[in-house]
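Below you'll find the structure, written out as structure tokens, and then a few comments.
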Amino acid sequence: MHFIKDGLFVNFKSSTSVALAQPNGILIIEYPRTLDLHNLRKFERFKTNIPVTFFCEEGDKKFEDLGILRDLSSGGALISHTKEATKQKPLYISLELPTGGSIKLQKAEVQNLRKNPKSESSPYVTGVKWKDLLPETQEGISRFVTQRSKERRENHR
């Protein structure tokens, strides 16, 4: 059996211990003895809930918005926000990291755009890829990723 969740490919073998047909079909399997895990993403993502500001310039006009950083990686980020962004123009992102340091006016390229009609407070979700990473930004993200990796390892013990 195999599946993909959050960019992680999981594969395992198991045996059926019980198969029930009534009242609904239920299949009970034994707990797998080994798991094969493979991360399909180039950079590991870490869930966050950090306030963020960003802007985009189109000619003489400046489009600015507030949002929430939903996840962060060395390669990019996922932001939920209220105003629609476009793929054509780069975004400039600023935020304060909880592990110290900050990201100030970091250039990012929009990779994907989604609309979440269920959310009234932040109906747009935008995935961005960092461009021309500034040294301060790289240091702050690196510290954040190191801290979250350490926390993740400690929680899995």
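With this note's numbering, letter number 39 in the sequence shown gets 42, and the count goes up by one each step, no holes.
Beta carbons: idealized from backbone N, C-alpha and C, even for Gly.
Quick caveat: nothing in here was measured; it's all calculated off a predicted structure.
- Pairing G103 with R156 gives a Cβ-Cβ distance that is not under 9 angstroms.
- Classified as exposed, D63 has fewer than 16 neighbouring CB atoms from the shown chains inside 10 Å of its CB.
- Non-local beta-carbon contacts of L81 in its own chain, meaning distances under 6 angstroms to residues more than five positions away in sequence, involve R73, D74, G130 in chain order.
- Listed as beta-bridge partners of L137 by DSSP are no residues whatsoever.
- Exclusion of the five residues before and after N42 leaves L11 as the residues of its chain whose Cβ lies within less than 6 angstroms of its Cβ.
- In this structure, the alpha-carbon of T37 lies about 16 angstroms from that of T19.
- R151 and G79 have their alpha carbons spaced roughly 16 angstroms apart.
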